[in-house]
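*Asks:*
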Ligand code: NAD
Ligand code: ZN
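In the UniProt record's numbering, the protein residues as written are 1 to 391.
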């Protein structure tokens, strides 16, 4: 079959690889019909390269049709249309029972000390072959697919695997009071969807921050007040929130995924310095912004909540603990527990389209276009926000 394969830093290729097959009695084999390209793939593309192995198949946001079932699978049959949550969980352990599928005790990756296995995440999350491919082996299938109706577009359902539950969890964790204010840092697919979900769940003003004008435009068209982080929006947003700052801030950026390695390094050094010294060093280094997490700490009101949905992979990112403690900020974070949130989200996909999933994707591409797709999405060119592969 064809698959998108990691070969090195910023080097992905579409290649023929051996077909996956049913290996265990609880597996199903999925024929993939749509498969998303995610900001998390951009981390693997570059920054998390050291965890990758040449030949790893990428991708973790698939949906498709069941092609074959293992002998023990009774609730699924060939031809069923399903979406596959990005993490693999068992539905039986204490963590799964608590709605924390990303911490599943039976699929956790003990060698790495990380949580539940994730498709296409190489050794970091259990070396499970990814879903930007024509076929996917789904282990423990009955606990690891979401059935969706046979009719309706793929675009309507595919985001159940990642974007929707991720944004949903980010907003729930942000704990925005009814009618309260929330700022979303980063307006990629995740931040954009966070703005939509926040409004849907009853937030008042939503502030969206991103350096890319097209991304700001998308969020603005759906009611967010938007800002360029280069223009220091903190003071302005504070003014628009009674002088206090928003009740919650969502960091939907995470590690910089824009290919500016040196910027990240400088940021790390800078973040250990006192504020004044940091600003002048940033200036002399030509770095015009601190990482999103620092903006979040600065921006959120006292006693407010920061919900970190962007992925951070550093081992020792210094945190401004004094400010966090003094402002009494609550911080919540983590990979999204897909199956936990799916029942709240799925009804929104039947009938109307309150979250605008039908025209959320900016690009539908074949697997053959993967190298271009990754480069375009990373550089934020050609208006790329959400890319779906159609294997
Ligand atoms: P993306 O890379 O398209 O989005 C990041 C956005 O942040 C970009 O639009 C970029 O222009 C913007 N940005 C960069 N620096 C900024 C700054 N200082 N201030 C404001 N905006 C800034 O990726 P995405 O698909 O939207 O994913 C966003 C993050 O969410 C990634 O880190 C991804 O790994 C993570 N993620 C987490 C989960 C989870 O389960 N928690 C799931 C999916 C994705
Ligand atoms: Zn993803």
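Beta carbons: idealized from backbone N, C-alpha and C, even for Gly.
Would you kindly work out how many angstroms separate the C-alpha atoms of residue 115 and residue 187, rounded to a whole number?
*Replies:* Here residue 115 corresponds to residue number 115 of the chain shown, with the count starting at 1. Here residue 187 corresponds to residue number 187 of the chain shown, with the count starting at 1. Rounded to the nearest angstrom, the two C-alpha atoms are 26 Å apart.
*Asks:* CB of residue 93 to nearest heavy atom of ligand 1: below 6 Å?
*Replies:* Residue mapping note: residue 93 aligns to position 93 of the chain shown, counting from 1. Because no heavy atom of ligand 1 lies under 6 Å away, the Cβ of residue 93 does not count as near it: no.
*Asks:* Decide if residue 262 is buried, meaning its Cβ has at least 16 other Cβ atoms within 10 Å, or exposed.
*Replies:* The count along the chain shown starts at 1 and reaches residue 262 at position 262. Annotation note: pLDDT 38 at residue 262 (below 50); position unreliable, no value reported.
*Asks:* In angstroms, rounded to a whole number, what distance separates the CA positions of residue 76 and residue 69?
*Replies:* As a working note, residue 76 is residue 76 in the chain shown. As a working note, residue 69 is residue 69 in the chain shown. Between residue 76 and residue 69, the alpha-carbon positions lie close to 7 Å from each other.
*Asks:* For a minimum of 4 consecutive residues, which ranges assigned as the alpha helix (DSSP H) are wholly contained in the stretch 26 to 65?
*Replies:* Listed in chain order, the alpha helix (DSSP H) elements of length 4 or more contained wholly in the stretch 26 to 65 are 39 to 45.
*Asks:* Any residue with its Cβ nearer than 6 Å to a heavy atom of ligand 2 should be included. What is that list in chain order?
*Replies:* Near ligand 2, residues with a Cβ at less than 6 Å from any of the ligand's heavy atoms are 38, 40, 60, 61, 86 and 162; the list follows chain order.
*Asks:* Is the distance from the Cβ of residue 99 to the Cβ of residue 363 below 7 Å?
*Replies:* Along the chain shown, read from residue 1 onward, the residue named residue 99 stands at position 99. Along the chain shown, read from residue 1 onward, the residue named residue 363 stands at position 363. Cβ atoms of residue 99 and residue 363: not closer than 7 Å.
*Asks:* Do you know offhand how far residue 169's Cα is from residue 300's?
*Replies:* Here residue 169 corresponds to residue number 169 of the chain shown, with the count starting at 1. Here residue 300 corresponds to residue number 300 of the chain shown, with the count starting at 1. Whole-angstrom Cα-Cα distance: 19 Å.
*Asks:* For ligand 1, any of its heavy atoms closer than 6 Å to the Cβ of residue 339?
*Replies:* Position 339 of the chain shown, counted from the first residue, corresponds to residue 339. No, Cβ of residue 339 sits at least 6 Å from all heavy atoms of ligand 1.
*Asks:* Spell out a yes or no on whether the stretch 128 to 145 and the stretch 77 to 92 are touching, meaning 3 or more CB-CB pairs, one atom from each, closer than 8 Å.
*Replies:* yes
*Asks:* So is residue 321 buried or exposed if we call it buried at 16+ other beta carbons inside 10 Å?
*Replies:* Here the question's residue 321 lines up with position 321 in the chain shown. So residue 321 ends up on the exposed side.
*Asks:* Anyone know if the C-beta pair for residue 118 and residue 200 falls short of 7 Å?
*Replies:* Locating residue 118 in the chain shown gives position 118, where the first residue counts as 1. Locating residue 200 in the chain shown gives position 200, where the first residue counts as 1. No, the Cβ-Cβ distance between residue 118 and residue 200 is not below 7 Å.
*Asks:* In or out: residue 386 buried (at least 16 other Cβ within 10 Å) or exposed?
*Replies:* Position 386 of the chain shown, counting from 1, holds the residue named residue 386. Buried.
*Asks:* Excluding sequence positions up to five away, which residues of its chain have a Cβ less than 7 Å from the Cβ of residue 7?
*Replies:* Looking up residue 7 in the chain shown gives position 7. These residues qualify, in order along the chain: 13 and 54.
*Asks:* When DSSP labels each residue in this structure, what does residue 307 get in the three-state scheme?
*Replies:* Within the chain shown, residue 307 is the residue found at index 307, counting from 1. If DSSP states are grouped into helix, strand and coil, residue 307 belongs with the strands.
*Asks:* How far does the alpha helix (DSSP H) with residue 182 in it reach, from first residue to last?
*Replies:* Indexing the chain shown from 1 puts residue 182 at position 182. Looking at the DSSP string, residue 182 is not in any alpha helix (DSSP H); the run it does join, the beta strand (DSSP E), is 182 to 185.
*Asks:* Would you mind working out which of 107, 38 and 86 sits nearest residue 95, comparing C-alpha positions?
*Replies:* Start at 1 with the first residue of the chain shown, and residue 95 comes out as number 95. The shortest C-alpha separation from residue 95 is found at 107.
*Asks:* Please indicate yes or no: does the CB of residue 210 lie closer than 6 Å to some heavy atom of ligand 1?
*Replies:* The sequence position of residue 210 within the chain shown is 210, counting from 1. True, at least one ligand heavy atom lies under 6 Å from that Cβ.
*Asks:* Determine the closest residue to residue 337 out of 294, 182 and 160, with distance taken between C-alpha atoms.
*Replies:* Mapped onto the chain shown, residue 337 falls at position 337. Selected option, being the one with the closest Cα: 160.
*Asks:* Is the separation between the beta-carbon of residue 137 and that of residue 56 shorter than 7 Å?
*Replies:* Within the chain shown, numbered from 1, the residue matching residue 137 stands at position 137. Within the chain shown, numbered from 1, the residue matching residue 56 stands at position 56. It is not a contact, given that the beta carbons lie outside the stated cut-off.
*Asks:* Roughly how many whole angstroms lie between the Cα atoms of residue 368 and residue 242?
*Replies:* Within the chain shown, numbered from 1, the residue matching residue 368 stands at position 368. Within the chain shown, numbered from 1, the residue matching residue 242 stands at position 242. Taking the straight line joining both Cα atoms gives about 51 Å.
*Asks:* Report the three-state DSSP secondary structure of residue 327 (helix, strand or coil).
*Replies:* For the purposes of this step, residue 327 is identified with residue 327 of the chain shown, where counting begins at 1. Three-state result, residue 327: coil.
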